[in-house]
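To start, the structure under review is shown below, and the notes come after it.
Number of protein chains: 2
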Amino acid sequence: MKAEVVGVGTELLMGQIVNTNGAEIARMLAEIGVGVYYQSVVGDNRDRLAEALETALERADVVVACGGLGPTDDDLTRETLAEVTGRSLRRNEEWARHLEEIFERRRKQRRGLSSEEDYPFPRNNLRQAMVPEGAVLLPNSRGTAPGIYLEHEATIVVLLPGPPGEMRTLMREEVLPRLAQDLSARGEGGVLLSRVLRVIGLGESRVAELLEPILSGQTNPTIAPLAHLGEMHLRITAHAPDEETARRYTADTAAEIRSILGDAVYGEDDTTLEAVVGEVLAERGLTVAVAESCTGGLLGHRITNVPGSSRYFRGGIMAYSNELKSALLGIESELIVREGAVSEPVSRAMARGARESCGSDLSVGITGVAGPSGGTPEKPVGLTYVTVADDQGDECRTFQLPGDREEMKLRTTTVALEMLRRRLLSRASAGRAATTS
Amino acid sequence: MKAEVVGVGTELLMGQIVNTNGAEIARMLAEIGVGVYYQSVVGDNRDRLAEALETALERADVVVACGGLGPTDDDLTRETLAEVTGRSLRRNEEWARHLEEIFERRRKQRRGLSSEEDYPFPRNNLRQAMVPEGAVLLPNSRGTAPGIYLEHEATIVVLLPGPPGEMRTLMREEVLPRLAQDLSARGEGGVLLSRVLRVIGLGESRVAELLEPILSGQTNPTIAPLAHLGEMHLRITAHAPDEETARRYTADTAAEIRSILGDAVYGEDDTTLEAVVGEVLAERGLTVAVAESCTGGLLGHRITNVPGSSRYFRGGIMAYSNELKSALLGIESELIVREGAVSEPVSRAMARGARESCGSDLSVGITGVAGPSGGTPEKPVGLTYVTVADDQGDECRTFQLPGDREEMKLRTTTVALEMLRRRLLSRASAGRAATTS
Numbered sequence: 003m004k005a006e007v008v009g010v011g012t013e014l015l016m017g018q019i020v021n022t023n024g025a026e027i028a029r030m031l032a033e034i035g036v037g038v039y040y041q042s043v044v045g046d047n048r049d050r051l052a053e054a055l056e057t058a059l060e061r062a063d064v065v066v067a068c069g070g071l072g073p074t075d076d077d078l079t080r081e082t083l084a085e086v087t088g089r090s091l092r093r094n095e096e097w098a099r100h101l102e103e104i105f106e107r108r109r110k111q112r113r114g115l116s117s118e119e120d121y122p123f124p125r126n127n128l129r130q131a132m133v134p135e136g137a138v139l140l141p142n143s144r145g146t147a148p149g150i151y152l153e154h155e156a157t158i159v160v161l162l163p164g165p166p167g168e169m170r171t172l173m174r175e176e177v178l179p180r181l182a183q184d185l186s187a188r189g190e191g192g193v194l195l196s197r198v199l200r201v202i203g204l205g206e207s208r209v210a211e212l213l214e215p216i217l218s219g220q221t222n223p224t225i226a227p228l229a230h231l232g233e234m235h236l237r238i239t240a241h242a243p244d245e246e247t248a249r250r251y252t253a254d255t256a257a258e259i260r261s262i263l264g265d266a267v268y269g270e271d272d273t274t275l276e277a278v279v280g281e282v283l284a285e286r287g288l289t290v291a292v293a294e295s296c297t298g299g300l301l302g303h304r305i306t307n308v309p310g311s312s313r314y315f316r317g318g319i320m321a322y323s324n325e326l327k328s329a330l331l332g333i334e335s336e337l338i339v340r341e342g343a344v345s346e347p348v349s350r351a352m353a354r355g356a357r358e359s360c361g362s363d364l365s366v367g368i369t370g371v372a373g374p375s376g377g378t379p380e381k382p383v384g385l386t387y388v389t390v391a392d393d394q395g396d397e398c399r400t401f402q403l404p405g406d407r408e409e410m411k412l413r414t415t416t417v418a419l420e421m422l423r424r425r426l427l428s429r430a431s432a433g434r435a436a437t438t439s
Numbered sequence: 003m004k005a006e007v008v009g010v011g012t013e014l015l016m017g018q019i020v021n022t023n024g025a026e027i028a029r030m031l032a033e034i035g036v037g038v039y040y041q042s043v044v045g046d047n048r049d050r051l052a053e054a055l056e057t058a059l060e061r062a063d064v065v066v067a068c069g070g071l072g073p074t075d076d077d078l079t080r081e082t083l084a085e086v087t088g089r090s091l092r093r094n095e096e097w098a099r100h101l102e103e104i105f106e107r108r109r110k111q112r113r114g115l116s117s118e119e120d121y122p123f124p125r126n127n128l129r130q131a132m133v134p135e136g137a138v139l140l141p142n143s144r145g146t147a148p149g150i151y152l153e154h155e156a157t158i159v160v161l162l163p164g165p166p167g168e169m170r171t172l173m174r175e176e177v178l179p180r181l182a183q184d185l186s187a188r189g190e191g192g193v194l195l196s197r198v199l200r201v202i203g204l205g206e207s208r209v210a211e212l213l214e215p216i217l218s219g220q221t222n223p224t225i226a227p228l229a230h231l232g233e234m235h236l237r238i239t240a241h242a243p244d245e246e247t248a249r250r251y252t253a254d255t256a257a258e259i260r261s262i263l264g265d266a267v268y269g270e271d272d273t274t275l276e277a278v279v280g281e282v283l284a285e286r287g288l289t290v291a292v293a294e295s296c297t298g299g300l301l302g303h304r305i306t307n308v309p310g311s312s313r314y315f316r317g318g319i320m321a322y323s324n325e326l327k328s329a330l331l332g333i334e335s336e337l338i339v340r341e342g343a344v345s346e347p348v349s350r351a352m353a354r355g356a357r358e359s360c361g362s363d364l365s366v367g368i369t370g371v372a373g374p375s376g377g378t379p380e381k382p383v384g385l386t387y388v389t390v391a392d393d394q395g396d397e398c399r400t401f402q403l404p405g406d407r408e409e410m411k412l413r414t415t416t417v418a419l420e421m422l423r424r425r426l427l428s429r430a431s432a433g434r435a436a437t438t439s
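For the protein sequence lines, the chains are E and Y, in the order given. All letters in the first sequence, in the order written, are residues 3 to 439 by this note's numbering. All letters in the second sequence, in the order written, are residues 3 to 439 by this note's numbering.
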């Protein structure tokens with residue numbers, strides 16, 4: 003069972019955008035035991051696209067082509083697949099009506115803002131309702147370009163739109179279930195199962211050292227460590243005839259790793275640090291607030307990326323200017339002048355101020371030098387003070403973080419979330435200790 | 003002049019890492035006028051790697067293969083290239099000595115940490131000093147795997163190590179200068195130049211319609227439209243014998259597009275919307291503050307991603323809970339109860355409150371339903387009210403935005419920044435009108 007992923011788009015070919023879709027599709031195919039043996043990228047050029055599809059149809063059992071289903075003239079994938087497989091294109095009337103409705107709605111929403119004539123139905127969009135003979139249209143709930151699913155001779159060909167959100171939804175909701183069913187009807191498959199352990203607070207080489215006894219000679223499951231902006235992700239991948247066996251393989255290895263790394267493993271798979279922290283807060287009925295200077299709102303943004311975060315996130319203050327640090331967080335301007343806005347006392351005062359003005363159980367205060375300018379020999383770019391405060395007091399830690407402005411902001415919020423997590427863990431053990439004593 | 007980039011590595015093929023190297027190599031080749039016509043990825047498998055290299059040698063004039071030069075048994079690129087081109091491998095004695103020195107140094111550094119016997123010179127590493135007959139070894143200052151540069155018949159083949167830092171340094175310091183020289187000796191090359199116009203406020207099909215007279219039949223420069231979360235990016239790419247001509251081609255096309263799309267074009271190349279808004283604010287000595295509910299700090303984060311934003315960003319309030327909307331923004335709780343937290347009056351009151359409590363010239367107020375839960379028939383997920391306020395009053399607009407939680411947050415901050423930009427544009431014209439009257 004060999005699969006090929008074909009990325010379509012000149013912007014991919016020329017490197018103007020990175021082919022993240024190719025990687026994501028391969029990972030999803032692996033979940034149902036389909037291994038990708040080839041990946042290729044072609045531009046929006048009919049001849050080379052035809053050549054790429056022909057090659058893929060020849061050497062692969064499953065071909066997933068992503069991109070080139072848009073409404074413009076350089077979107078050629080649908081037409082080229084029809085050509086290469088010798089099929090005519092037919093209009094799917096249901097989707098054509100659906101497209102007209104979408105544009106009707108948009109026209110109505112625009113009314114009053116601009117004249118109606120400015121938003122006619124673009125006839126070009128009707129190309130998106132065309133489907134090669136014998137193919138199934140996969141409805142796209144997030145965009146105008148539907149997917150295509152075609153069994154051509156012994157090969158299954160799937161076309162997907164290029165926007166990552168649309169590709170992902172169609173893969174999950176339409177393609178994977180269909181493929182799994184078709185493959186099991188053919189008696190093929192087997193299962194490739196991955197599981198990711200997310201580690202924080204330990205560097206890449208330290209993790210490699212600690213895990214050496216497990217890493218050396220591991221073949222099934224394999225363990226792939228990947229450093230990721232202040233975190234380490236360990237991907238455990240098992241291959242087995244059935245899901246249960248694959249699951250057991252990965253579970254055994256995960257348990258072994260956890261026993262070595264302890265609570266440096268904060269979560270699994272797509273669970274983010276902010277989700278883990280949020281879960282604990284929600285469980286215990288605790289709330290949190292933030293006071294951010296150099297990170298400018300990123301910590302609040304990350305916390306509120308978690309659905310349901312309104313249960314525990316009160317809000318916070320982006321105290322970017324010194325005046326706001328005083329006005330909204332009650333920090334004496336004298337302290338700021340004496341210690342500097344980037345200092346431990348100001349970080350502590352920010353956290354305490356946020357807790358007070360937002361009325362939360364816990365709080366975080368962040369101040370640092372994000373750069374690229376503004377650094378001094380005493381307070382270089384990357385220097386950050388992060389404080390976590392609660393009813394038991396406040397703890398401030400100093401970091402010297404690497405990277406450019408955006409990376410520094412991201413790493414700062416990661417260490418802040420990790421300090422929150424540690425504080426919640428220690429509150430819990432203190433609580434338990436109190437109970438058992 | 004056709005180039006192909008071949009990514010080598012099972013982790014790339016299976017999507018465990020994203021092929022950023024492929025994109026970066028393509029962009030670097032474009033700088034010296036070499037267009038990438040194909041990209042492919044193969045795993046660490048001798049047969050399929052040989053097949054991929056053979057295909058590339060056949061159809062491309064320049065082949066750059068990246069990855070698979072490491073010391074382990076699954077690193078096969080060097081040996082497979084030798085096989086495919088019918089060349090024997092010879093040891094480069096200088097590099098072999100260099101490798102031994104590196105390991106001698108490491109052994110010394112490890113002393114005291116662990117017994118010397120644990121770090122013998124890995125004989126396997128000497129494979130990295132092997133070079134196909136007739137090829138040039140490209141010294142790698144950042145790692146143990148050197149690059150390879152080989153003219154085979156009419157094709158130039160380059161092998162590069164996979165770690166991005168090593169790949170990048172070798173491309174810059176060794177490959178691009180050599181390639182540029184070899185191509186100009188052949189009378190080939192020229193310059194491929196790209197320029198991106200960033201458009202906001204117009205949909206993909208609308209842009210395609212407006213630009214149809216320019217888009218149809220355009221071959222040099224080419225224009226590639228790319229939709230990107232509420233924005234459209236138009237990439238203009240020109241091919242010319244020299245840089246000046248290429249620059250003129252793209253400039254002419256950019257001017258034509260700008261004359262049609264007007265100030266829907268907000269910037270070029272890597273200029274972000276937040277940078278454009280920030281530039282205007284700084285120029286005019288104006289300040290801005292934000293009050294964010296559903297976006298939870300993302301707008302502040304985007305604004306502060308711009309270096310120097312402390313000149314114009316005062317800060318703001320993440321008013322996630324209703325209590326904070328009252329406590330920090332002075333919104334009467336009665337208004338929130340009557341109209342709902344997600345409503346036009348609350349959005350307006352948030353903007354006005356932020357302006358007042360932060361003492362800024364302009365301000366933004368955002369409230370909406372980010373989902374996935376919390377929507378009602380009257381106020382569905384995606385509904386957002388964005389207000390921009392200044393000394394001339396406040397303007398609120400209602401949006402129904404698509405996408406999941408994170409996408410909705412991103413789109414909301416994009417329309418907020420666009421409203422800020424429009425407000426700054428109209429303040430400017432009002433100012434000019436006042437001057438000329």
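Cβ coordinates follow ideal geometry from the N, Cα and C atoms, glycine included. Model, not experiment: these values are computed from the prediction.
The three-state reading of DSSP puts Y:Asp-46 in coil, since its state is none of H, G, I, E or B. Chain-ordered, the chain E residues with CB closer than 7 Å to the CB of Y:Tyr-322 read Thr-306, Ser-312, Phe-315, Arg-316, Gly-317. Chain-order list of chain Y residues neighbouring E:Tyr-387: empty, with the shortest C-beta distance near 17 Å, by a criterion of under 7 Å. Less than 8 Å separates the beta-carbon of E:Leu-91 from that of E:Ala-84.
Y:Arg-197 sits close to Y:Asp-271, with the two beta carbons spaced by under 8 Å.
The secondary-structure analysis by DSSP pairs E:Ile-225 across a beta bridge with E:Ile-238.
For Y:Tyr-251, the nearest beta carbon of chain E is not closer than 8 Å to its own beta carbon. Judged by DSSP secondary structure, E:Thr-389 falls within the beta strand (DSSP E) whose first and last residues are 385–392. By a beta-carbon distance limit of 8 Å, E:Met-3 contacts E:Val-36. Their separation comes to about 6 Å. Following the DSSP letters along the chain, one finds Y:Thr-22 inside the alpha helix (DSSP H) bounded by residues 22–33. The beta carbon of Y:Asn-21 falls within 8 Å of a beta carbon belonging to chain E, placing the residue at that interface. Here the C-alpha atom of Y:Leu-161 lies approximately 39 Å from the C-alpha atom of E:Val-417.
If the five residues before and after E:Leu-204 are omitted, its C-beta is found closer than 6 Å to the C-beta atoms of Ala-266, all from its own chain and listed in chain order.
Neighbourhood of E:Ser-375 in chain Y, by CB distance below 9 Å: Pro-309, Gly-310, in chain order. For the 8 Å CB-CB criterion, Y:Ala-28 and Y:Val-7 form a contact. With the criterion set as a beta carbon lying under 9 Å from some beta carbon of chain E, the segment 248–275 of chain Y has no members that meet it.
Of the residues assessed, E:Glu-60 falls on the exposed side of the cut-off, its CB having fewer than 16 other CB atoms within 10 angstroms. E:Gln-41 is bridged by DSSP to E:Val-7, Y:Val-43.
By the C-beta density criterion, Y:Glu-294 is buried, having at least 16 other C-beta atoms within 10 angstroms. Listed along the chain, the chain E residues whose CB falls inside 7 Å of the CB of Y:Leu-228 are Glu-13. When only Cα atoms are considered, Y:Glu-420 and Y:Gly-280 end up about 12 Å apart. Chain order gives the chain E residues near Y:Ser-207 as Pro-73, Pro-124, Asn-126, Asn-127, where near means a beta carbon separation below 7 Å.
Between E:Val-20 and Y:Thr-22, the CB-CB gap stays under 8 Å.
Setting aside the 5 residues that flank it on each side, Y:His-235 is surrounded in the same chain by Val-198, Arg-200, Leu-228, each with a C-beta closer than 6 Å to its C-beta; the list follows chain order.
Residues of the segment 91–103 of chain E with a C-beta less than 9 Å from any C-beta of chain Y: none at all. Ranking Y:Asn-142, Y:Arg-129, Y:Ala-182, Y:Cys-398 by CA distance to the CA of Y:Leu-172 puts Y:Asn-142 first. Selection Y:Pro-179, Y:Val-138, Y:Gly-145 evaluated against Y:Ile-104 yields Y:Gly-145 as nearest (Cα-Cα). Secondary structure in the segment 158–209 of chain Y: the alpha helix (DSSP H) runs of 4 residues or longer, each lying completely within the stretch, are 166–172, 178–187 in chain order.
At least 8 Å separates the beta-carbon of E:Arg-129 from that of E:Thr-82.
Setting aside the 5 residues that flank it on each side, E:Leu-300 is surrounded in the same chain by Lys-411, Thr-415, each with a C-beta closer than 6 Å to its C-beta; the list follows chain order. Around Y:Pro-404, the beta-carbon contacts reaching into chain E at under 7 Å are Arg-144.
By the CB criterion at 8 Å, Y:Gly-370 and E:Ile-305 fall outside the cutoff.
When the Cα atoms are used, E:Ile-225 and E:Ala-240 turn out to be separated by approximately 9 Å. As for any alpha helix (DSSP H) of minimum length 4 sitting wholly inside the segment 228–316 of chain Y, the runs are 245–263, 275–286, 300–306, ordered along the chain. DSSP places E:Gly-355 inside the alpha helix (DSSP H), whose first and last residues are 346–360. Looking at the backbone, the Cα of Y:Glu-155 and that of Y:Leu-178 are separated by about 20 Å.
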